[in-house]
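Undergrad: Let me give you the structure first, and then I'll get to my questions.
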Amino acid sequence: MKIAKRRITQLAIATIGVGALALSAIGFQWQQTESAKQDVSQSPLLLSANRLLQSTDLVLHAAIRCEGQSCSPSQTPMLQLLTDVKNNIATFQQLASQEKQTISLVGNMLYPQLEVSIDRFIGTSDIRQFQQSIVTSYASLQQAQQNLVSAKQTAFEQQQQSLFSLAILIAVLTGSVLCGLTLVQSLTTNRKKQSQPQEHSIEKLAAQLENIDTQAIHQQLNRLDTSPAERRIFANLAAMYEDVEQQKRHADLYRQLYALIGYEIRGMTNTIQGGVRLLAQDAGENGAVMARDISLATNTLSDLADNYNRLISGGSKDTSGDVTFLPLLSELVVHLSAKTQHTQGVLECHLDDNLPEVIEGNATSLFWVLFLQLSNAISAQNEPYILLSVRNQAADEVEQTRLVFEIIFLPTYALALPQIQQASWQQIEEKSGINDEWSKAILTKVNHFGSSWSQADCLSQDDTQTQMQKLQISIDITPKRFYRTEPTLENKRFMVCTDSELQIDIMSRMLERYSAQVEVIRSANDIFKSLPRMNDFDAILITDTIKGIQLKSFCKTLHSRLKKARTKLLLAASESSTVQDTHEFVDRVFYTPFIPHELVPNLVEAIQDTEQANEQRQHAFLIVEDDKVQQFLLKKLLSKQGYDAHTVSDGAQAVEYMKDHGADIVFMDCIMPGMGGIEATKLIRQREVEQDSQPATIIGATALTSASEHKSCIEAGMDYVISKPYKNDEIIKVIKKYMAIQKIC
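In UniProt numbering, the protein residues as written are 1 to 745.
In structure tokens form, the structure reads like this:
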């Protein structure tokens, strides 16, 4: 209240000061106007008018003196006087044009007539006529000068009147403001006196509510001295407390329910994986590939469940830390690819050269925002061809970078990457049903998040005009380290065979980024024409999207032609059915979309020298068997197939051998003295997870035939279970399954 009173006083002083300054300025202006009024005769316009009147008077007297004499206008005295009059007329007219508010010469014929009279006299030398006209003009000039003086004085008087009115207005306004401030101060003082009891009541209520709980609220409601107003407040507060507690209970129940759902999904995926492994015992190579696909799908579901559990357990509120961005991006691409396959679409991926490797943020919230936004966009569109593009650009903050995710829906794969990037994109309305506010609520500590839909015109495969659409998501992040592209494929030559311009651009740019040399072949016939040059290439990479060929027959024919060449035949597959038909005719299978930092190491491994690879495979078998006779028989069976195997006698030795040397295929006896095969398998699998290493294929061997025994082996982590004694055809079948799966990256 003291502050308000001080403020009113300050305003009153300021008002008086402003009013005084304004009145002083008006007084100063009044003095200037009065001085100008006194000196009105000294103004340039009036001085010029006086000179014109005087020169005209001299001409008039000269004309009168010449009445009885023969005066010529060309004589020096008269000519000089006439010239002075004309010059004074010109000067007066010029000054009058600069003071149009005081005098206007529009329609005034006095001065032109005077000039005409002078010109006529010069031309005719008629002195009488000139006397008459000059007398008339002289009288008019006198009247005009008087009018000019009156106009000047009137203008000054009007200006003084305006200043006087303005001074009165300022005085009235100043007085009104002062009266208003006085009234406000009076009302404030009265209100202060009236509000003191209310403030006391409010302070008392605030003290009661400071540490109140549900029990204290009910005690206040039960007290007899509680006023009706306080009773209403406490009653409403009690209802609010009950609503909040009920919402908390519901939130806890939902959180527990969602966690149980996530864990149940994880349990179901484990059951599915175990059942698939068990059913795959009797399947051929194609069945093994299908089993691998089902296992990957269940792993994807399991990963989503784990990620979801982290989110609903408060993942979005966790403190930010370092996030390895590229694995997160790989996980996102895998899930989006699965989503695309469910909608009968095909997904391609183009990643920028300079993406961050480690960023600051929350991996769980970032993954779910991107996954839900992009997944809903896929569900909202019907186009079969989809391109996911990830790039970075400058952010608003210097220490940050802006990640831009674009999912583009294409009517055809015949569009090249530059056509898509350089298209004239126009922003359109949102189509996926998720607004940015939801995403911003999950993404904490993010300076910028935005999404927008755009569309652009393009030509379809039949050259008709159509449109492509895209969703663009931009997020500002703080990079800790950027991914560096090494010349891993330096001096390596690849032949890329596909008829999709988009795939050509993506594959060529990716391989050339790692210093590889690339030659593009757009048809199967061109590949066969290039057979004489096959030794010049390290690998041929073909896609399953080439039209006009049977891929299985094509791969089989090409494989037979490449038997003597060092060139590897690699397949880029978009679906598992392609792998089932062609895996035995290619050296390695890669699933699309390609992720460069994962694909390139596998490419390097795939194009290694054949002899070196075979030598490595000869030392990649381990037999874990306590029975020396069974050891000998199994090793003999493997040697007939051209494989050399190492042998150990119990599970502990197997764990140590896998730790020191590793193996591709392990034949594990399930029941052995000391550490059995089941316990050894669990330890091997645990170490593979900890080391993030390639899992070995573990084949359990048991003389027991019960389903529970087989189930225990599968749950421990074994891939297959075979029965003892070892059979040659069963061993060959298992190895073929392993080889088929090993070709898939």
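Beta carbons: idealized from backbone N, C-alpha and C, even for Gly.
Inspect the CB distances between the segment 487-500 and the segment 511-521 and report whether three or more fall short of 8 angstroms.
TA: Segments in contact, yes.
Undergrad: Beta strand (DSSP E) containing Leu347: first to last residue?
TA: Residues Val346 to Leu351.
Undergrad: In the DSSP assignment, find the unbroken beta strand (DSSP E) run with Met510 in it and report its ends.
TA: Per DSSP, Met510 belongs to no beta strand (DSSP E); it is in the alpha helix (DSSP H), Glu501 to Arg513.
Undergrad: DSSP on Val116, reduced to helix/strand/coil?
TA: Note: Val116 maps to helix in three-state DSSP.
Undergrad: Could you check the C-alpha separation between Leu163 and Ala63 for me, to the nearest Å?
TA: Distance between the alpha carbons of Leu163 and Ala63: 50 angstroms.
Undergrad: Does DSSP put Ala703 in a helix, in a strand, or in coil?
TA: Here Ala703 sits in coil by DSSP.
Undergrad: Quick check on Glu598: does DSSP put it in helix, strand or coil?
TA: Correct three-state label for Glu598: helix.
Undergrad: Going by alpha carbons, who is nearest to Ala90 out of Met534, Lys547, Ala49 and Thr15?
TA: It is Ala49.
Undergrad: Since Leu355 and Phe405 are thought to touch, with beta carbons under 8 angstroms apart, how far apart are those beta carbons, to the nearest angstrom?
TA: Contact doesn't hold; Cβ gap of about 11 angstroms is too wide.
Undergrad: Of the residues Ile477, Ser424 and Asp457, which one's Cα is nearest the Cα of Gly450?
TA: Closest option to Gly450, Cα to Cα, is Ile477.
Undergrad: So, at 7 angstroms on beta carbons, what are the nonlocal neighbours of Leu502 in its own chain, with the 5 sequence-adjacent residues on each side left out?
TA: Cβ within range, chain order: Glu348, Leu387, Tyr413, Leu415, Ala416 and Leu417.
Undergrad: Put Leu11 into one of helix, strand or coil per three-state DSSP.
TA: Residue state, collapsed to three classes: helix.
Undergrad: According to DSSP, simplified to helix, strand and coil, what is Tyr591?
TA: In this structure, Tyr591 counts as strand in the three-state DSSP scheme.
Undergrad: Could you check whether Arg588 and Ala606 sit closer than 8 angstroms to each other, using their CB atoms as the reference points?
TA: Taking 8 angstroms as the Cβ cut-off, Ala606 and Arg588 qualify as a contacting pair.
Undergrad: I need the DSSP call for Leu415, collapsed to helix, strand or coil.
TA: If DSSP states are grouped into helix, strand and coil, Leu415 belongs with coil.
Undergrad: Hey, would you say Ile170 sits closer than 8 angstroms to Leu11, going by beta carbons?
TA: Against a cut-off of 8 angstroms, the Cβ pair of Leu11 and Ile170 comes out as no contact.
Undergrad: Give me the Cα-Cα distance between Ser227 and Val184, rounded to the nearest whole angstrom.
TA: One C-alpha to the other measures close to 33 angstroms.
Undergrad: Could you compute how far the alpha carbon of Lys724 sits from the alpha carbon of Glu715?
TA: Each residue's alpha carbon lies about 20 angstroms from the other.
Undergrad: Quick test of the definition: if touching needs 3 or more C-beta pairs under 8 angstroms, does the segment 151-158 touch the segment 6-21?
TA: Counting Cβ pairs under 8 angstroms, fewer than three are found: no touch.
Undergrad: On the DSSP letters alone, give me the boundaries of the beta strand (DSSP E) that Cys497 sits inside.
TA: Residues Arg493 to Cys497.
Undergrad: For residue 787, which residues in the same chain have their Cβ closer than 6 angstroms to its Cβ, ignoring the five residues on either side in sequence?
TA: No statement about residue 787 is possible, as the shown extent of the chain runs from 1 to 745 and does not include it.
Undergrad: So the candidates are Thr567, Ala696 and Gly651; which of them puts its Cα closest to the Cα of Gly677?
TA: The option with the nearest alpha carbon to Gly677 is Gly651.
Undergrad: For Gln129, count the other beta carbons within 10 Å of its own beta carbon; 16 or more makes it buried, fewer makes it exposed. Which is it?
TA: It is exposed - the Cβ of Gln129 has fewer than 16 other Cβ atoms within 10 Å.
Undergrad: Skipping 5 residues on each side, what residues in its chain have a beta carbon closer than 7 angstroms to that of Met672?
TA: Closer than 7 angstroms at Cβ, skipping near neighbours: Asp626, Asp650 and Gly651.
Undergrad: What are the start and end residues of each continuous beta strand (DSSP E) run of 3 or more residues lying completely inside the segment 644-718, in chain order?
TA: Taking only runs of at least 3 residues, the beta strand (DSSP E) segments lying wholly in the segment 644-718 are 645-648, 665-669 and 697-702.
Undergrad: Confirm, please, whether the CB-CB distance from Thr33 to Gln161 is below 8 angstroms.
TA: Going by C-beta atoms, Gln161 is not nearer than 8 angstroms to Thr33.
Undergrad: Quick one: grab the DSSP three-state call for Ser186.
TA: If DSSP states are grouped into helix, strand and coil, Ser186 belongs with the helices.
Undergrad: With distance defined between alpha-carbon atoms, name the residue in Pro479, Phe585 and Phe537 nearest to Thr557.
TA: Comparing Cα-Cα distances from Thr557 to each of Pro479, Phe585 and Phe537, the minimum goes to Phe585.
Undergrad: Bridge partners of Lys568, per DSSP?
TA: Answer is Ala539, bridged to Lys568.
Undergrad: Kindly indicate which three-state DSSP category Gln612 falls into: helix, strand or coil?
TA: Caution applies to Gln612, whose pLDDT of 46 falls short of 50 and renders its modelled position unreliable; the model cannot decide the point.
Undergrad: Looking only at C-alpha atoms, which of Gln131, Ala238 and Ala144 sits nearest to Asp213?
TA: When each option's Cα is compared against that of Asp213, the closest is Ala238.
Undergrad: Which of the three DSSP states is assigned to Tyr726 in this structure?
TA: Note: Tyr726 maps to coil in three-state DSSP.
Undergrad: DSSP beta-bridge partners for Leu403?
TA: Paired residue(s): Asn392 and Ile475.
Undergrad: For Lys552 versus Asp499, is the C-beta spacing smaller than 8 angstroms?
TA: Cβ distance not < 8 angstroms, so Lys552 and Asp499 don't count as in contact.
Undergrad: Assuming the contact rule is C-beta atoms closer than 8 angstroms, Ile504 and Leu403 should be a hit. Round their C-beta distance to whole Å, please.
TA: Between Leu403 and Ile504 the Cβ distance is about 26 angstroms, and since that is not below 8 angstroms, they are no contact.
Undergrad: How long is the line joining the alpha carbons of Tyr720 and Thr543, rounded to whole angstroms?
TA: Cα to Cα, Tyr720 sits roughly 31 angstroms from Thr543.
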